[in-house]
Each structure stands twice: as C-alpha cells, then as structure tokens.
C-alpha cells in the first residue's frame, strides 16, 4: 500500500543546530507539503512543492528550507533551530494541488532546547 | 483572502447521541472544503470533502457535512457518536480558482462520554 513516512518521529535538539526532517511518499504524487501544528493555530503551511526542483514558501517559511531532488522525498531543514520552532511537523502529499485530498504522514515531534 | 472558523474548541457528547461540529468559512472564490480527523499521536485523515458537487457530502464512519453557501457554513454531523470518534477534527478551506492557498481551522476536540 502507498504511504507517507516521516523520520525521525521524535527529535530533541539544541538552539542553533541544523536539523533535517525527512519525508518520503510512495504515492508517486507530484505535490508535497510541510506543515507545523501548534496549539491554537491548527496547521500552518511552511513550504510546498509541485514537483522535482520546484519549491515554494508558505505562510510560515522563515527559518526553514526544503529541496526536491526526486518525486518521493521532500526534506525540511531548520537552518539554525530556535525554541520557537518547537512544534509537531507534518508532511503531506496530493495528486493535484490544493483542491484535492492531502495524505498526511504521522508527524515529527521536535523539541528545541 | 480566506479564513475558516471552528466555533467550538471542545465538544463533549455522550455515546449514542448526535455530534455537531461547527465550521464557518469566508472565501472570495469558490472554495473546496474538507474535514480531517486526527487521532492522538497520528497524522490527519480525510473524513469528507466538498468540491462544488452535491451540497450534502457523506464521508467515512457515518459522518456527513452540508455546504450552505448562504450561511458560509460547512458543519460536520453524525447521528450517533461512538467512543472511537473521540479525536480532534479540522475544517479546511482551499481555493479551487487557481490561487494556491490552504487554510486550516484551529480544530475541535471531540470527547465522547460512555
């Protein structure tokens, strides 16, 4: 069965360190998304990609970057982790952008000390 | 601009009684509307979606929602709550008019009392 996986599931890091969160999907979807989930905010879009070599900033992109070198993977990098980036991060993919169903990964819980 | 408001952050119902989770939206264009469910420590799963076809949308696990343009609402209902329905529910609006943006509501936590 097709799926979307994230690793690690839990991560503790220190302020100032670079952190990369992995996202891998086997749906063969062109569209991939990264969100963060914080209490009182729902999910907010960080970055998204419509295909290989395409990346776009979302609502809360400052301090984050992504790269898309193949269809399956969209790693999210925190360039210099800050305590404000403590959150739960979700990766998602969809067959067509926006108006279609998104399939979510299980999430990565990140704590920045 | 678009926005989505989930009117209740917490809803508590007894098992076997109806569920109503309220969602209001605003959008300048024809919206697509979704309800997702998130069980503890899990990712989000689609319950149902509205994309300008029938206004009454049926989803999984007995849930349904009605798109009411005049009221700008997309409330989620279920006739009889089950213990397994206890989760957090998110209303989501996206624009299908070519402008790429997705907006999530802040979520409603549903508690089901035995």
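Protein chains in written order, with the numbering used here: chain B, 1 to 113; chain U, 1 to 114.
For each residue, glycine too, the CB sits at the ideal point set by N, CA and C.
Residue burial classification, residue i (beta-carbon count within 10 angstroms, cutoff 16)
{"i": "residue 9 of chain B", "result": "exposed"}
{"i": "residue 52 of chain U", "result": "exposed"}
{"i": "residue 88 of chain U", "result": "buried"}
{"i": "residue 95 of chain U", "result": "buried"}
{"i": "residue 54 of chain U", "result": "exposed"}
{"i": "residue 2 of chain B", "result": "exposed"}
{"i": "residue 53 of chain B", "result": "exposed"}
Delimiting residues of the beta strand (DSSP E) encompassing residue i
{"i": "residue 113 of chain U", "result": "108-113"}
{"i": "residue 32 of chain B", "result": "31-38"}
{"i": "residue 42 of chain B", "result": "42-51"}
{"i": "residue 37 of chain U", "result": "31-38"}
{"i": "residue 93 of chain B", "result": "87-94"}
{"i": "residue 64 of chain U", "result": "64-68"}
{"i": "residue 44 of chain U", "result": "44-50"}
{"i": "residue 3 of chain U", "result": "2-6"}
{"i": "residue 4 of chain B", "result": "4-7"}
{"i": "residue 109 of chain B", "result": "108-112"}
{"i": "residue 75 of chain U", "result": "73-78"}
{"i": "residue 60 of chain B", "result": "Taken as a continuous stretch (DSSP letters only), residue 60 of chain B belongs to no beta strand (DSSP E), as it is neither H nor E."}
{"i": "residue 28 of chain B", "result": "Unbroken run through residue 28 of chain B: none, as it is neither H nor E."}
{"i": "residue 101 of chain U", "result": "Premise fails: residue 101 of chain U is in no beta strand (DSSP E) and is neither H nor E."}
Neighbourhood of residue i by C-beta, 6 Å cutoff - its chain only, sequence neighbours within 5 removed
{"i": "residue 50 of chain U", "result": "33, 57 and 67"}
{"i": "residue 90 of chain U", "result": "36, 104, 105 and 107"}
{"i": "residue 73 of chain U", "result": "24"}
{"i": "residue 109 of chain B", "result": "10 and 88"}
{"i": "residue 80 of chain U", "result": "16"}
Proximal residues to residue i (C-beta, below 8 Å), its chain only, five neighbours per side dropped
{"i": "residue 43 of chain B", "result": "35, 36, 37 and 90"}
{"i": "residue 111 of chain U", "result": "10, 11, 12, 13 and 86"}
Option nearest residue i by Cα separation, candidates the options
{"i": "residue 25 of chain U", "options": "U:111, U:70, U:88 and U:113", "result": "U:70"}
{"i": "residue 56 of chain B", "options": "B:40, B:31 and B:80", "result": "B:31"}
{"i": "residue 116 of chain B", "options": "B:109, B:112, B:70 and B:80", "result": "Outside the shown range of chain B, which is 1 to 113, sits residue 116 of chain B, and nothing can be said about it."}
{"i": "residue 82 of chain B", "options": "B:4, B:19 and B:2", "result": "B:19"}
{"i": "residue 62 of chain U", "options": "U:94, U:18 and U:110", "result": "U:18"}
{"i": "residue 27 of chain U", "options": "U:3, U:43, U:42 and U:46", "result": "U:3"}
{"i": "residue 43 of chain U", "options": "B:5, B:17, B:50 and B:112", "result": "B:5"}
{"i": "residue 82 of chain U", "options": "U:60, U:114 and U:5", "result": "U:114"}
Any non-hydrogen atom of the ligand ZN closer than 7 Å to residue i Cβ
{"i": "residue 36 of chain B", "result": "Absence of the ligand ZN is noted for the structure shown, with no ligands found whatsoever."}
Sequence-distant residues of the same chain with beta carbon closer than 7 Å to residue i, five excluded per side
{"i": "residue 39 of chain U", "result": "87"}
Residue-level contact to chain A via CB, residue i, 8 Å cutoff
{"i": "residue 42 of chain U", "result": "Absent from the structure: chain A. Protein chains present are B and U."}
Review point. Just checking, does the segment 27-39 of chain U make contact with the segment 6-14 of chain U on the three C-beta pairs under 8 Å criterion?
Key: The segment 27-39 of chain U is not in contact with the segment 6-14 of chain U.
Review point. Is it a yes or a no for the segment 34-42 of chain U touching the segment 61-76 of chain B, going by three-plus beta-carbon pairs under 8 Å?
Key: At 8 Å Cβ cutoff, the stretches do not touch.
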